[in-house]
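What follows is a short report on a single structure.
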Amino acid sequence: MVGNYGAYGLGSRFGHLVPLRWGRWIGITAPRLEKTDRFFKRYGPVAVLAGRFIVPLRQLQGYVAGNTKMGVWRFAWWSFLGAVAWVLIWGAGGWWVAGFMPLA
Numbered sequence: 858m859v860g861n862y863g864a865y866g867l868g869s870r871f872g873h874l875v876p877l878r879w880g881r882w883i884g885i886t887a888p889r890l891e892k893t894d895r896f897f898k899r900y901g902p903v904a905v906l907a908g909r910f911i912v913p914l915r916q917l918q919g920y921v922a923g924n925t926k927m928g929v930w931r932f933a934w935w936s937f938l939g940a941v942a943w944v945l946i947w948g949a950g951g952w953w954v955a956g957f958m959p960l961a
């Protein structure tokens with residue numbers, strides 16, 4: 858969670874400056890950034906919540922949320938809900954799988 862908030866701060870502070878400067882090495886272009894901004898402005902809360910379950914989005918969602926000027930408390934709430942959902946789903950899945958393991 859702390860890393861997510863740090864990324865949010867960096868995104869709100871630097872915006873497109875960092876991705877446009879160094880993003881070409883991983884395929885980030887200005888049109889792709891604009892498309893991402895439009896998507897995040899439209900589906901921001903859902904993207905933050907669901908982004909917990911998609912590996913590349915988990916690392917980037919904070920930066921993109923800050924970049925698109927999503928409200929910090931709104932981001933914090935949806936990020937928290939996503940983290941809780943992630944922990945509950947993976948924890949319940951682990952509990953369920955452990956039920957099939959014999960105790961030694």
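Here the sequence shown stands for residues 858 to 961, where the numbers follow the numbering used here. The C-beta atom is built at its ideal place from N, Cα and C for all residues, glycine as well. Here the structure is a predicted model, which is why all the values come from computation and not from measurement.
Contact check, PHE932 vs VAL903 under 8 Å by CB: the rounded distance? Incorrect: roughly 13 Å between the Cβ atoms, too far for contact.
Output the residue ranges of the alpha helix (DSSP H) runs that lie fully inside the segment 869-953 and measure 4 residues or longer, sorted by chain position. Runs of the alpha helix (DSSP H) inside the segment 869-953: 874-879, 887-908, 912-924.
Tell me whether the beta-carbon of TYR900 lies closer than 8 Å to the beta-carbon of ALA864. no
CB of GLY908 within 8 Å of CB of GLY939, strictly: yes
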